[in-house]
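For reference, the structure is listed below as structure tokens.
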Ligand code: 1HA
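Numbering (my numbering), first residue to last: 649 to 932.
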């Protein structure tokens, strides 16, 4: 089934489109295998903010234009000292801001990997909630080969992915070992190997990739958005320390505000009386 995506906003470096509650952000720089420059990241940051705010967007999908690459990381043509240099002349590492937003948006984010996911492009898929890849996809880090490294989600969160399929206490150790191999050797891994390592949720032929992603989206769209939100926050909280707890606690406050008990506190204040919290049940 060929889907007709509706344009949300036109940008120079990305496509930002919508189909039945699914927003698709496509890095549109195929000449450099969808490498990102600071402007690309600024545009993705703006788009993901829109995805967070809009009630008619349930799920976000990241992908790359064409059939060669999902994303090849930072654009080496604009790498200066201090970061990647945009038209304003300022060196930036602003893809890290995108990682934070992907973790924080209270909606599922899927990496639709349609080719190379390399370097910062590999980290981009790592940080997404789910990864569905085409069978021609190739995964790998290049940092130590090209003079870079990502010690944030790109390594520590990666170590939590790989080896998880073994589902034992030792799996974390295997994750650490494999993550070190991926970063130290800078080798490339097939979609099948990535699947076996637990980095990828599903591998399908390239021609079926978008439809498979949309199928997974339509299943998640039948699920309770609030439940998905709380699950994402809880899984993040285990890894994100105080910041993760803050996000989870923020959602607990949101749920509390939805109760009559919380409303009674505010109403009593405005009516200049003592609140009567006794009437609300205390669950065992
Ligand atoms: O590490 C970080 C960060 C860490 C902390 C905080 C922020 C970070 C932000 C970013 C990054 C990084 O991303 S570092 C890693 C940067 N990326 C790379 O090292 C990948 C470089 N590319 C490759 O290794 C290969 O191109 C490839 C494995 C993806 C594909 O190889 P292949 O099939 O042999 O194609 P190739 O001919 O190399 O590439 C096709 C075209 O795309 C080439 O252009 P052309 O000669 O046709 O004009 C190539 O130059 C271009 N291209 C590919 N990747 C990049 C790129 N141009 C600029 N930047 C790229 N990343």
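Heads up, the beta-carbon is just placed ideally off N, CA and C, and yes, glycines get one too.
Expected contact under 8 Å - CB spacing of residue i and residue j to nearest Å
i	j	result
residue 697	residue 669	Contact flag wrong, Cβ pair sits at about 17 Å.
residue 857	residue 796	Going by Cβ atoms, the distance from residue 857 to residue 796 rounds to 28 Å, so no, they are not a contact pair.
residue 768	residue 721	3 Å
residue 834	residue 788	7 Å
residue 706	residue 687	That pair is no contact at about 28 Å.
residue 806	residue 749	Rounded, the Cβ-Cβ distance is 19 Å, inconsistent with contact.
residue 849	residue 779	6 Å
residue 762	residue 854	7 Å
Nearest-angstrom Cα separation, counted from residue j out to residue i
i	j	result
residue 890	residue 905	22 Å
residue 836	residue 810	15 Å
residue 798	residue 851	26 Å
residue 876	residue 755	7 Å
residue 766	residue 785	10 Å
residue 737	residue 723	15 Å
residue 831	residue 743	19 Å
residue 819	residue 745	Residue placement at residue 819 is poorly supported in this model, since its pLDDT is 45, which falls under 50; the coordinates still yield a value, given next. Near 29 Å, if we compare the C-alpha coordinates of residue 745 and residue 819.
residue 845	residue 918	57 Å
residue 699	residue 678	24 Å
residue 663	residue 680	16 Å
residue 731	residue 771	17 Å
residue 655	residue 803	34 Å
residue 859	residue 909	45 Å
residue 888	residue 925	34 Å
residue 752	residue 824	24 Å
residue 671	residue 728	32 Å
residue 861	residue 702	21 Å
residue 842	residue 903	37 Å
residue 684	residue 872	34 Å
residue 899	residue 878	7 Å
residue 773	residue 922	52 Å
residue 658	residue 913	46 Å
residue 757	residue 747	11 Å
residue 930	residue 907	13 Å
residue 714	residue 932	55 Å
residue 880	residue 927	33 Å
residue 863	residue 847	20 Å
residue 829	residue 792	12 Å
residue 666	residue 916	44 Å
residue 874	residue 760	24 Å
residue 726	residue 682	14 Å
residue 839	residue 740	31 Å
residue 673	residue 920	50 Å
residue 764	residue 735	26 Å
Limits of the beta strand (DSSP E) - the one that residue i falls within
i	result
residue 717	717-719
residue 654	654-658
residue 726	Unbroken run through residue 726: none, as it is neither H nor E.
residue 867	Run containing residue 867: none in the beta strand (DSSP E); it sits in the alpha helix (DSSP H), 857-870.
Residue i - DSSP class collapsed to helix/strand/coil
i	result
residue 667	strand
residue 681	coil
residue 800	coil
residue 739	strand
residue 817	Low local confidence applies: a pLDDT of 46 at residue 817 is under 50, so the model's placement there is unreliable, with the coordinate-based value given in what follows. Looking at residue 817 - three-state DSSP - the assignment turns out to be coil, as it is neither helix nor strand.
residue 919	coil
residue 672	strand
residue 822	With a pLDDT of 44 at residue 822, under the threshold of 50, the predicted position of this residue should be treated as unreliable, though the coordinate-derived value follows. Helix.
residue 650	coil
residue 790	coil
residue 912	helix
residue 710	strand
residue 785	coil
residue 662	strand
residue 705	coil
residue 750	helix
Residue interval of the alpha helix (DSSP H) (run including residue i)
i	result
residue 904	873-905
residue 847	Residue 847 -> no alpha helix (DSSP H), and no H or E assigned at all.
residue 696	686-701
residue 771	768-775
residue 807	806-809
CB contact below 8 Å: residue i versus chain C
i	result
residue 909	Of the protein chains in this structure there is only one, and it is not chain C.
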